[in-house]
Amino acid sequence: MPVTVVTPPAPIVALDDAKAHLRADHADEDALIGALVETATAWLDGPDGWLGRALGEQVLETTFPADLEPDDWVYPYPPATGLVDETPDPESNTVTVRYRAGYPLVDGRSTVPAPIRHAILLMVGHLYGSRDGVTTTAAQPAVLPLGVEALLALYRVWG
25 MPVTVVTPPA
35 PIVALDDAKA
45 HLRADHADED
55 ALIGALVETA
65 TAWLDGPDGW
75 LGRALGEQVL
85 ETTFPADLEP
95 DDWVYPYPPA
105 TGLVDETPDP
115 ESNTVTVRYR
125 AGYPLVDGRS
135 TVPAPIRHAI
145 LLMVGHLYGS
155 RDGVTTTAAQ
165 PAVLPLGVEA
175 LLALYRVWG
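The working numbering applies: residue 25 is where the sequence shown begins, and numbers increase by one.
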């Protein structure tokens, strides 16, 4: 069943946190650093993300068979935190469901688990410091490792 993002995810890593991680104490590259945070987050989050889960709080839409009881609905991209609305379609015998997913903001801060937030910061650091896809500092060019899979493996939804 396809899943659509209705409301994009809330931010997971603040620009100030990314700048602190990078030790960037200037505003010259704020746009670049913000874009790197978005890139790292998008690589992990939601229906298109590597983790197979929703990270930032967002609204997703999916469809279930109408004869399936709501208690039996298994929402893709956990954590699902609440039903927003449901629309039955008698012609296709389905119910289109919008639901809230992802880790909520509390006092303006993300509640995404620390290992995931740190993995995003590691990815941002990697992208910031290595602006090419390979390194040529060694005798042989090599793909640079992101070094984040160990942090993320516990949270990935394997399907």
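C-beta: ideal position from N, C-alpha, C; glycine also.
Nothing here was measured: the structure is a model prediction, and the numbers come from that model.
Three-way DSSP call (helix, strand, coil) for residue i in this model
i, result
"A48", "coil"
"V37", "coil"
"R155", "coil"
"Y99", "coil"
"V83", "strand"
"L176", "helix"
"L168", "Confidence is the limiting factor: at L168 the pLDDT is only 48, short of 50, which leaves the residue's position unreliable, though a coordinate-based value still follows. Residue state, collapsed to three classes: coil."
"T135", "coil"
"P32", "coil"
"E110", "strand"
"L129", "strand"
"P2", "In the structure as shown, the chain begins at 25 and stops at 183. Residue 2 is therefore absent and cannot be evaluated."
"D69", "strand"
"V148", "helix"
"V61", "helix"
Nearest-angstrom Cβ-Cβ length linking residue i and residue j, presumed shorter than 8 Å
i, j, result
"P33", "D69", "6 Å"
"G149", "G80", "Rounded, the Cβ-Cβ distance is 20 Å, inconsistent with contact."
Under 9 Å between C-beta atoms of residue i and residue j
i, j, result
"Y179", "I144", "no"
"V136", "I36", "yes"
"L107", "R124", "yes"
"D109", "V121", "yes"
"L146", "L75", "no"
Nearest residue (CA-CA) to residue i, options the options
i, options, result
"A42", "V61, V30 and P35", "V61"
"T105", "E115, H45 and L129", "L129"
"Q82", "A44, S134 and A138", "S134"
Residues of its chain near residue i, where Cβ-Cβ distance is below 6 Å and the 5 sequence neighbours each way are ignored
i, result
"T28", "E85"
"A78", "G70, Y101, A125 and G126"
"D54", "none"
Cβ neighbours of residue i in the same chain (closer than 7 Å, five flanking residues each side left out)
i, result
"T118", "T87, F88, P89 and A90"
"G58", "L39"
"R155", "none"
"P112", "A90 and V119"
"V30", "V83, L84, E85 and R122"
Close beta carbons around residue i, own chain, < 8 Å, minus the five adjacent residues each side
i, result
"P114", "A90"
"H45", "L145, V148 and G149"
"D49", "K43"
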